[in-house]
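Going by numbering that gives the first Met the number 0, the first residue of the first sequence is number 0, and it counts up by one from there. For reference, the structure discussed in these notes is given below.
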Amino acid sequence: MRFSKMFIPTLREAPSDAEAASHILMIRGGYVRQLAAGLYIFLPLGWRVLGKITAILKEEMDAIGAQEISMPVLHPAEVWQQTGRWTAIGAEMFRLKDRNDRDFCLGMTHEEIMTWMASREIRSYRDLPQTWYQIQTKLRDEARPKSGVLRTREFIMKDSYSFDTDEQGLDHNYRLHAEAYHRIYNRCGVKFMQVESDPGMMGGGYSHEFMAPSPAGEDEVALCPKCGYAANVELASSVPPSIADEDWQTEELHTPEKRTVGEVSRFLKVDPAYFIKCVLMITEKEPVLVLVRGDQEVHEKKLARIVDSHRPAQKNEVKDILGIEAGFIGPMGRRNMKIIADPCLKQGSYISGANRQHYHVKGIKADRDFFAEWHDIHIARQGDFCAVCGAELTVERVIEIGNIFKLGTKYSAALKAVFLDENGNEKPIVMGSYGIGPARIAAAAIEQNYDKDGIIWPRSLAPFDIELIPLNMNDTATVEAAERLYRELQQQHIDVLMDDRDLRPGVKFKDADLIGIPTQVILGEKNLREGLVEIKNRKTRETVKVNIEKALDTICSLTTT
RNA sequence: CGGGGCGUAGCGCAGUCCGGUAGCGCACACGGUUCGGGACCGUGGGGUCGAAGGUUCAAAUCCUUUCGCCCCGACCA
């Protein structure tokens with residue numbers, strides 16, 4: 000490809016509304032343009048990168064026996080109504096009506112439609128197992144699209160779905176997918192880890208996420224360096240650092256106008272870890288008192304798994320329900336109320352609200368002064384200890400680049416996707432679903448590999464294998480040498496971009512670094528007179544001069560390793 | 001959905017407080033000099049100042065409404 004013919008609108012300056020490195024560089028490098036919030040156009044370079052990724056996805060999916068198909072993006076409401084997700088999912092689903100006033104939605108994912116297909120055609124255990132996948136557009140009306148291509152309202156996803164007769168079959172397909180994902184990320188050159196995750200709205204009991212470590216990520220994972228425990232902090236269990244047991248007598252303390260743990264802690268000069276943080280939550284059934292240690296915080300998702308939907312009580316609700324202002328509520332004596340407490344409060348003696356205006360109580364002990372249901376509900380933090388082996392956990396920020404779910408029979412039961420087993424018994428198909436976002440892989444690859452001058456693509460994702468840079472387009476010798484090398488490289492099926500623009504060398508160098516093709520071949524007048532060209536590594540900036548006759552071989556050996 | 005910020009030429013910005021009819025850099029076009037890390041000189045084109053309404057002799061600037069975009073939070077397969 001000739002640079003002069005290709006649409007590569009590079010930008011000298013970063014757009015003011017971009018923050019993440021991948022966002023800035025994809026725009027500056029002419030890879031993408033934004034149409035509206037969360038809607039991106041992939042320009043030729045960007046589309047080539049996605050093409051590289053989807054090619055890898057197809058190879059690895061095909062290799063585990065998955066079959067590529069393609070499903071509509073426009074879905075009739077009925078199918079989603081049958082699984083209950085038409086109502087379970089809120090504003091995040093794009094909904095519309097056709098001319099006959101029939102309800103439709105735009106597909107956020109394809110469990111429903113895949114299962115619908117299976118329900119129509121799968122009859123017998125002999126038809127199973129099956130794995131179907133597609134690389135296709137999803138639409139979600141995200142509350143907050145952000146970070147360029149990382150969180151968008153429309154995006155391409157590789158989604159596969161496995162159909163099995165039993166749990167063993169599902170286990171097998173789940174494992175095959177996990178292994179394929181490992182190969183995919185390795186081939187794409189992104190650093191990643193597999194962690195336990197919350198299945199959330201997908202339902203089913205078991206799922207993992209694949210995470211690319213990056214400060215630009217939106218998720219956090221807790222990792223144990225010793226035993227390898229790895230989980231999204233949404234569900235990671237951890238043991239907070241223990242505190243010395245204080246043998247306090249129960250006593251009320253006057254704490255005028257001191258309401259938060261921080262305020263009372265400073266006022267009494269006692270570490271926040273010796274407090275019980277006490278929050279009133281309103282659930283559908285009843286108000287619930289939620290307790291964590293003063294230095295910890297409640298994790299909404301962990302709590303949601305126990306009490307379902309809930310919200311913090313308003314100030315006036317606290318007063319109505321507990322009869323005391325929010326700053327002074329405590330667990331003591333609240334026998335006829337549901338209390339959920341974090342297990343780290345079982346031991347020790349604590350300070351909390353006295354249920355009396357401007358007073359706190361010191362010396363509160365579990366199972367004496369209050370009685371609770373014990374659940375891990377605190378947010379796992381750096382410095383907490385592993386619940387499995389006791390080693391110190393680290394917490395890292397990550398980009399979610401894939402997930403795998405064991406769905407079980409949730410969708411097949413709802414949509415009557417059933418088969419007859421060997422004994423003629425009707426059973427629901429056992430399903431799994433598996434997603435990967437190619438644009439997120441591309442963004443993660445950039446977040447993990449860039450410098451001040453631009454992108455540094457892993458070879459497997461780069462839009463071209465090499466960039467040829469003839470410096471002076473007015474020098475016949477340069478142009479002839481470049482054209483010859485260009486032809487020869489193409490004959491070797493090496494993807495080559497030749498910057499044949501009649502521009503100053505500086506501009507070409509800057510653009511080349513920005514675009515980030517891993518190998519640059521520089522043809523300068525002086526070197527050519529000695530029969531030499533330069534081969535430069537974008538990442539290390541190391542340059543070797545080689546004889547032009549040997550350039551082809553050298554480049555070939557670079558691009559194949 | 002709550003909080004904050006920003007909408008002025010393709011991009012980055014100034015001008016808004018204090019009203020007087022729009023400017024800078026880059027990019028673009030043409031001419032010339034240049035040519036190994038985003039050159040220089042000259043000439044030139046390009047803007048309903050996000051939109052609507054209002055105040056005023058006069059609005060990018062003041063007031064009201066509205067739309068869009070970004071960031072933080074909530075939410076999120």
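C-beta atoms are modelled at their ideal positions from N, C-alpha and C, and glycine is treated no differently.
(message) Measuring only the C-alpha atoms, how far is Asp319 from Gln313?
(response) 10 Å
(request) Select from Asp102, His377, Glu251, Ile547 the residue whose C-alpha is nearest the C-alpha of Glu233. (result) His377
(message) Can you tell me where the alpha helix (DSSP H) holding Tyr433 begins and where it ends?
(response) Careful: Tyr433 lies outside any alpha helix (DSSP H), inside the beta strand (DSSP E) at 429 to 435.
(request) Report yes if the C-beta of Pro14 is less than 8 Å from at least one heavy atom of the ligand ZN; otherwise report no. (result) Only the bare structure without any ligand can be found here, which leaves the ligand ZN out of the picture.
(request) Can you say whether Arg292 is buried or exposed, counting buried as having 16 or more other CB atoms within 10 angstroms of its CB? (result) Buried: at least 16 other Cβ atoms inside 10 Å.
(request) Could you tell me the distance, in whole angstroms, from the CA atom of Asp366 to the CA atom of Asn335? (result) 14 Å
(request) Compute the Euclidean distance between the alpha carbons of Lys284 and Trp456, then round it to the nearest angstrom. (result) One C-alpha to the other measures close to 53 Å.
(request) Determine the DSSP secondary structure at Met280, reduced to helix, strand or coil. (result) The answer is strand: DSSP assigns Met280 an E or B state.
(message) Quick check: the stretch 83 to 103 against the stretch 26 to 33, are at least 3 beta-carbon pairs closer than 8 Å?
(response) No: fewer than three Cβ pairs fall under 8 Å.
(message) Please classify Ala243 as buried or exposed, where buried requires at least 16 other C-beta atoms within 10 Å of its C-beta.
(response) Exposed, by the Cβ-count rule.
(request) Assign Ile121 to buried or exposed, taking buried as 16 or more other Cβ atoms, counted over all protein chains shown, within 10 Å of its Cβ. (result) buried
(request) With a 10 Å radius around its C-beta and 16 neighbouring C-beta atoms as the bar for buried, classify Lys507 as buried or exposed. (result) By the 10 Å Cβ count, Lys507 comes out buried.
(message) Are the CB atoms of Ser432 and Leu406 within a distance shorter than 9 Å?
(response) yes
(request) Identify whether Asp165 lies in helix, strand or coil by the three-state DSSP scheme. (result) coil
(request) Note down, in chain order, each residue of its chain lying with its Cβ closer than 7 Å to the Cβ of Asp165, except the 5 sequence neighbours on either side. (result) Counting only Cβ-Cβ distances below 7 Å, and skipping sequence neighbours, we find Val429.
(request) Can you check DSSP and say which residues form a bridge with Ile112? (result) Looking at the DSSP assignment, Ile112 forms no beta bridge with any residue, so it has no partner.
(request) Give every residue of the same chain whose Cβ lies closer than 6 Å to the Cβ of Ala441, excluding the five residues on either side of it in the sequence, and list them in chain order. (result) Val48
(message) Classify Ala36: buried if its beta carbon has 16 or more other beta carbons within 10 angstroms, exposed otherwise.
(response) The residue is exposed, with fewer than 16 neighbouring Cβ atoms inside 10 Å.
(message) Suppose the cutoff is 7 Å on Cβ atoms and the five residues either side in sequence are ignored; what does the same chain contact list for Tyr173 look like?
(response) Ile403, Lys405, Gly431
(message) Going residue by residue through the stretch 272 to 327, where are the continuous beta strand (DSSP E) segments of at least 3 residues, counting only ones entirely within it?
(response) 275 to 282, 286 to 292, 309 to 311
(message) My assumption, with CB atoms under 8 Å, is that Glu251 sits in contact with Ala353. Please give the rounded CB distance.
(response) Correct: roughly 5 Å between the Cβ atoms.
(request) Kindly confirm or deny that the stretch 455 to 474 and the stretch 79 to 90 touch, where touching means at least three C-beta pairs closer than 8 Å. (result) A contact is defined here as three or more CB-CB pairs under 8 Å, and the stretch 455 to 474 fails this definition with respect to the stretch 79 to 90.
(message) Suppose contacts are defined by Cβ-Cβ distances below 9 Å. Is Ile338 in contact with Thr249 by that definition?
(response) no
(request) Using three-state DSSP, classify Tyr228 as helix, strand or coil. (result) coil
(request) Please state whether DSSP places Ala386 in a helix, a strand or coil. (result) coil
(request) Mind the definition here: the stretch 111 to 119 touches the stretch 410 to 425 only if three or more C-beta pairs lie below 8 Å; say whether that holds. (result) Because the criterion of three Cβ pairs below 8 Å is met, the stretch 111 to 119 and the stretch 410 to 425 touch.
(message) I need the boundaries of the beta strand (DSSP E) containing Met210, first residue and last residue.
(response) 205 to 212
(message) Which residue wins for smallest C-alpha separation from Gly188, given the options Glu487, Thr559, Gln381, Ile52?
(response) Ile52
(message) Going by the DSSP bridge assignment, what does Val543 pair with across the sheet?
(response) Ile534
(request) Spatial neighbours of Arg528 within its chain, please: CB distance less than 8 Å, with the 5 preceding and 5 following residues excluded, ordered by chain position. (result) Excluding positions up to five away in sequence, the list reads Ala476.
(message) Buried or exposed for Thr563, going by 16 or more other Cβ atoms inside 10 Å?
(response) Look at the range of the chain in this structure, 0 to 560, and you will see that residue 563 is not part of it.
(request) Starting from Cys469, follow the beta strand (DSSP E) in both directions and report where the run begins and ends. (result) Here the sequence assigns Pro to residue 469, which means Cys is not the residue at that position. Element bounds for Pro469: 465 to 469.
(message) Mapping the DSSP letters down to three states, classify Gln356 as helix, strand or coil.
(response) coil
(message) Rounded to the nearest angstrom, what separates Phe266 and Val289 at their Cα positions?
(response) Rounded to the nearest angstrom, the two C-alpha atoms are 24 Å apart.
(request) Within 10 angstroms of the Cβ of Arg439, are there 16 or more other Cβ atoms? Answer buried if so, exposed if not. (result) With at least 16 other beta carbons inside 10 angstroms of its own, Arg439 counts as buried.
(message) Between the alpha carbons of Pro212 and Tyr358, how many angstroms are there, rounded?
(response) 46 Å
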